[in-house]
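Here is the structure we will look at.
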Amino acid sequence: MLMDCISNEKAELTLDGKTYLLPIVVGTMGEKAIDIRSLRAETGYITIDSGYMNTGSCSSQITFLDGEKGILNYRGYAIDDLADNCSFVEVAYLLLHGSLPTREDLRKFSVLLNCYSLIHEDMVHFFDHFPPNAAPMTILSSMVNSLSTFYPEMNENPLEDIDNMSARLISKVRTIAAFSYRKSLGAPLVMPRHDYSYCANFLNMMFDSPVNPYVVDDDVVAALNKLLILHADHEQNCSTSTVRLVGSARVNLYASISAGINALWGPLHGGANQAVIEMLEKIHTSGDDFKKYIDKAKDRNDPFRLVGFGHRVYKSHDPRARIIKEACDQVLGALGISNDPLLAIAKELEAVALKDEYFIERNLYPNVDFYSGIIYRALGIPQNMFTVMFALGRLPGWISHWTEMWGDPNWRIGRPRQIYVGPKSREFVKIDDRK
Ligand code: SDX
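Everything in the sequence shown is counted per the working numbering, starting at 1221 for the first residue and increasing by one.
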C-alpha cells in the first residue's frame, strides 16, 4: 500500500554539511508525508514527536479525516451519507470488508451475529465475582480479554477465520455490555433474540423486564444506530493505535481489543462523553453559570477543561458533533423530552465558546463527545456506560485496523525510538558504601 504512494518529489535534508533526499508519499486524498524509514540508517539521526502530533504510524485504506475541512469518510463514503442511510451492522460490514454489503451479504452477516450472540455459561459466572461498583469499562476489557481463552484456535492464523472472529466479538460485546448492566442492578439477564436487529436486541437486553416487557421504539433504535455509526472508526486515534501496537507483537485479536478498550476509557479520549454530562450537571446545579466555567477552562492555572471540546485532528468542526447535535433535538422531540436543561447549557456553552478568542485561537470546537451523552441519557443508558457505548461503536473500526495490519506484507512490530536524557555512565557503588 505505502509503496504505491511514493511520488517523484523528494524532501531535501541537510545534516552536518551533507544533503539527503528523502522520498515523499502522497495519499489518495492528497495528504503528503516524508518517508523517514531509512533516516537513521542514512544519517544516524532519529526524529522526535511526543504525542505523535506530526507522525504517521502506517498507511490505511479504512478511514479518511480532513481536520481542517471537517471531513470524515469510512472506506470513501461520507459520514453524513452513512449516518442517514445505513444501519450500524451495514457500516460494520463496510469497515470490515471495504465495501457496502448486498442484501445477501447483510443476511449472512446477521446470521453470524445471531449465531454468536450468547456467551459461555462459565463467563456468565465471571460477573458474580466483580465488586458491585466495578467500572463497566473494566468489566468489558476483562471479559473481552478472557474471551480468547474460550477460543484458543485464535492464536493460529487468525486471518483465515476473521469473519467468524469479528462477528463473534461484535455480537458478544453487545451481550457482555447488557449483561454487566443487568448484573449491576441485580436484575435477571435478558437473552438476545434472533428476531431482533443488532440495536433492538441491545436495548431489549438492557431494559426488558419479566413484569413490564420492553417495547422496542423505532426512534430509539434509529438514534442508537446513528450514534454507533458515528463512533465506528476514526483512523489512528489513541485506542486504535493501541490495538495496532499491541497486535503488532502478534497478540490475538481479543487481547488487542481489550487493550484498546482500556485506552478508550481515558477522560481525554472516550471517557469524555461521560465527563461532559458530569460537567453539564455541575454547571446546572451551580445555577447555569456557564460563563464561570468558560473562564475556568481558559485559566492555565485551573486544571478544569471544557470537556467535549478540542481535538487533535479537527481544527474546525467535528462532523460527528454537528450530526449528533442535530439528532439531539429530533430524538428528544420523538421521546417527548422538551427543554432538556443540559442540552440548553451545552448549546449555550458552544455558542459562547465559539465567539471567545481563547477557543478561536486554539481551534477548539465541540467534538464527538460533547453532545453524545445527551442522547444516551435520553435513551435511558446509565451514565457509567456511556464509554461502553463508545466501545460498542468503535469495535468494527478496531477490528478493521487490526486485520489491515496483519494483512500488510510490510508490517513490523511497533517499537518507537527515544532520546535519552538521563545520567551519563556512573561508577557502581556497593550497597554498604552508599550514603
Ligand atoms: C475523542 O483522536 C481521536 O480521533 C479521538 C476521538 C475518536 O473518535 O477516537 O475523536 C474521540 O477522544 C475526542 C476527544 C475527547 N476528549 C475531550 O473532550 C477532553 C477535552 N479535550 C482536550 O483534553 C484536548 O482537546 C484533546 C485531548 C482532545 C486534544 O489534546 P491536544 O491535541 O494534545 O491539544 P492540547 O491539549 O495540546 O491543547 C492545545 C491548547 C492548550 O492550550 P495552550 O497550552 O496552547 O495555551 O488548547 C487548550 C490547551 O490547554 N485546550 C483546551 C481544551 N482542549 C485543548 N482548553 C480548554 N478546554 C479544552 N477542552
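Glycine residues also receive a C-beta, built at the ideal position from the N, C-alpha and C atoms.
Residue j beta carbon less than 8 Å from that of residue i
| i | j | result |
| --- | --- | --- |
| Ala1483 | Ile1390 | no |
| Leu1473 | Met1374 | yes |
| Asp1508 | Ile1595 | no |
| Gly1296 | Leu1465 | no |
| Asn1384 | Leu1332 | yes |
| Leu1242 | Ile1256 | yes |
| Ser1277 | Val1246 | no |
| Ala1443 | Ala1547 | yes |
| Leu1448 | Ile1299 | no |
| Leu1627 | Leu1379 | One detail in the question is off: residue 1627 reads as Gly in this sequence, not Leu. The answer is yes: Cβ separation under 8 Å. |
| Tyr1416 | Arg1394 | no |
| Leu1326 | Asp1439 | no |
| Phe1329 | Ala1387 | yes |
Residue i - DSSP class collapsed to helix/strand/coil
| i | result |
| --- | --- |
| Asp1286 | strand |
| Phe1347 | helix |
| Asn1293 | strand |
| Ser1592 | helix |
| Ala1231 | strand |
| Ala1354 | coil |
| Ile1256 | coil |
| Val1245 | strand |
| Ile1601 | coil |
| Ile1396 | helix |
| Ile1557 | coil |
Those residues which DSSP pairs with residue i across a bridge
| i | result |
| --- | --- |
| Ala1452 | In the DSSP output, where bridge partners are listed per residue, Ala1452 has none listed. |
| Tyr1240 | Leu1233 |
| Phe1529 | Pro1586 |
| Ala1298 | Asn1293 |
| Ile1226 | Val1245 |
Cβ-based burial, residue i [other Cβ within 10 Å; buried from 16]
| i | result |
| --- | --- |
| Arg1646 | exposed |
| Met1223 | exposed |
| Asp1453 | buried |
| Val1588 | buried |
| Ser1648 | It is worth fixing the name first, because residue 1648 is Phe in this sequence and not Ser. So Phe1648 ends up on the exposed side. |
| His1531 | buried |
| Ala1398 | buried |
| Arg1540 | buried |
The stretch 1410-1422 touching the stretch 1328-1342, judged by at least three CB pairs closer than 8 Å: yes
The stretch 1568-1576 in contact with the stretch 1362-1372 per 3-pair CB rule at 8 Å: no
Segment contact, 8 Å Cβ cut-off, at least three pairs: the stretch 1512-1529 with the stretch 1604-1617: no
Segment contact flag, the stretch 1282-1289 with the stretch 1424-1442, C-beta cutoff 8 Å, min 3 pairs: no
Contact between the stretch 1490-1501 and the stretch 1620-1636 (3+ Cβ pairs under 8 Å): no
Given 8 Å, three or more beta-carbon pairs between the stretch 1261-1269 and the stretch 1232-1241: yes
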